[in-house]
Amino acid sequence: MSCSVRPLLAQLLKHRIGPSSSSEFIGLDRCYSARSRRCFWTLASDNFDRSINDNNNNNCNRSGTTWCRLKKVCLGLALAAGTLATCGTVVLRVLGSPVVEAGNASVHPPKLPWGFNGAFASLDHSSVRRGWQVYKSVCSACHSLRYVAFKDLVDVCYTEDEVRDMCSEYEVKDGPNEEGEYFMRPAKLSDKVPGPYENEEAARFANNAALPVDLSFVVNARHHGPDYVFGLLTGYREPPAGVELMEGQAFNPYFEGGALGMMEMLQDGGVDYDDGTPATKSQMAKDVVEFLNWTANQEWNTRKLYAMKTIGVSLVMAASLWLAYRHKINVHKKTVFCLQPKPRRNRPCDCERS
């Protein structure tokens, strides 16, 4: 090789090996030939292997320090999350207890153990059926279900034939016809459940200017919805001293202000259940709460079923990814490549012979 390449090789050795004595490079320059090329690569390999080992040790120390810091950060985050969770549980426990708010006469309803609140629990369809009977016999006189159709009851608490027979008991307003007039016709499965009043003005006129709320989403619209509705239906009391009620009002501590424009409607034996369940006041309140929870969350059971399927598939995927990482990716990640120098022969170079 030409002489112009030798300074370049010397600079390469300085860069790879580090500072060395000039005699090594002089000797290298003298013995560089077709036969002594092995001496150059042996020298470079030895020093380069030492530099590789030093770099690997530094990287190991650096990675160990990083791992320790990461463990400390994760431990701190875990402790912080546990502390926040504990404090949040205590706060929710205190706020969920039945206490009287300062400044008004409303009382928080007690938290009841509803059977549909569990992660693997579903609605009691027998109770939903009885709740529809309570609504039809008692609540439908004032309240509407404008967002619930008759077809929604099919395969939930009634069969299709039973719902069709139920529709024949209702008439809905339809039209206009060819003469431009509206007419009444029997209800169909696709129709919404008819309300008791034609419009809001008629509802206010019949209830002393109080507007009965629509019950389709009342459970979701109230704080602690199921507990609130149950407490409201069963919480009528005699007004305390100093509380004056207007005509047509009743005192209920769970209602805001205490003065409620709806009289107590649930009485023992007020409904004859089809399945023979005793129609006590608490039983009717429980059934209507179950029914109203279904009207507000018609996908209640389906949502939980999809959640369980999603969790199961996610666990299988997580296990598969962990195995792939453990046996495939992690092997290459922790593989260390080292340069092994060639064994030296016990024979001198050309420069030493000369």
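Quick note: the sequence shown uses the UniProt record's numbering, first residue 1, plus one each step.
Here a beta-carbon is modelled for each residue, glycine too, at the ideal position from N, C-alpha and C.
No experiment lies behind these values; they were computed from the predicted model shown.
Item	Value
Indicate the three-state DSSP secondary structure (helix, strand or coil) for leucine 215 in the structure shown.	coil
Assign aspartate 161 to buried or exposed, taking buried as 16 or more other Cβ atoms, counted over all protein chains shown, within 10 Å of its Cβ.	exposed
What residues are listed by DSSP as bridge partners for alanine 250?	Leu260
Could you compute how far the alpha carbon of leucine 260 sits from the alpha carbon of histidine 108?	16 angstroms
Can you tell me the Cα-Cα spacing of aspartate 174 and proline 196, whole angstroms?	16 angstroms
Looking only at its chain, what residues have a beta carbon closer than 7 angstroms to the beta carbon of arginine 50, apart from the 5 residues adjacent to it on each side?	Note that arginine 50 scores 48 on pLDDT, short of 50, meaning its location in the model is unreliable; the coordinates nonetheless yield the value given after this. Taken in chain order, the list of residues that qualify is empty.
May I have the straight-line CA-CA distance separating tryptophan 132 from threonine 310, to the nearest angstrom?	32 angstroms
Can you check DSSP and say which residues form a bridge with aspartate 174?	Phe183
In its own chain, which residues sit with a C-beta less than 7 angstroms from the C-beta of arginine 130, not counting the 5 before and 5 after it?	Tyr273, Thr277 and Asp287
Please classify tyrosine 228: does DSSP put it in a helix, a strand, or coil?	helix
Let me know the secondary structure DSSP gives residue 441 once reduced to three states.	The displayed coordinates of the chain run from 1 to 354. Any statement about residue 441 would go beyond what the structure contains.
Pick helix, strand or coil for tyrosine 147, following the three-state DSSP scheme.	coil
Cα separation between alanine 296 and lysine 151?	15 angstroms
Rounded to whole angstroms, what is the Cα-Cα separation between leucine 305 and tryptophan 322?	26 angstroms
Can you tell me whether proline 212 is buried or exposed? The criterion is at least 16 other CB atoms within 10 Å of its CB, across all chains shown.	buried
As a quick exercise: from Glu181, Tyr182, Pro186 and Ser122, pick the residue whose alpha carbon is nearest that of valine 163.	Pro186
Check this for me: beta carbons of valine 138 and glycine 270, under 8 angstroms apart or not?	yes
Tell me which residues share the same chain as asparagine 208 and place their Cβ nearer than 7 angstroms to its Cβ, disregarding the 5 neighbours each side in the sequence.	Gly248 and Gly261
Select from Glu290, Cys142 and His327 the residue whose C-alpha is nearest the C-alpha of phenylalanine 205.	Cys142
Going by the CB atoms, is the gap between tyrosine 254 and glycine 225 shorter than 8 angstroms?	no
Contact check, asparagine 117 vs valine 219 under 8 angstroms by CB: the rounded distance?	With a Cβ gap of about 12 angstroms, asparagine 117 and valine 219 do not count as contacting.
Go through its chain and collect everything with a Cβ distance to serine 140's Cβ below 7 angstroms, but skip five positions before and after it.	Pro196
For phenylalanine 291, tell me which candidate among Cys68, Val134 and Ala81 has the shortest Cα-Cα distance.	Val134
Please work out which residues of its chain come closer than 7 angstroms, Cβ to Cβ, to alanine 285, disregarding the five sequence neighbours upstream and downstream, and give them in chain order.	Phe230, Leu233, Thr234 and Leu266
Report the partner residues of valine 154 according to the DSSP bridge assignment.	Tyr158
Evaluate glycine 258 with the Cβ neighbour count: other Cβ atoms within 10 Å of its Cβ, from every protein chain shown; 16 or more gives buried, anything less gives exposed.	buried
Any idea if tyrosine 228 is buried or exposed, counting beta-carbon neighbours within 10 angstroms, 16 or more meaning buried?	buried
For asparagine 330, count the other beta carbons within 10 Å of its own beta carbon; 16 or more makes it buried, fewer makes it exposed. Which is it?	exposed
Using DSSP bridges, identify the partner residues of lysine 192.	Ala149
Suppose contacts are defined by Cβ-Cβ distances below 8 angstroms. Is phenylalanine 251 in contact with glutamate 238 by that definition?	yes
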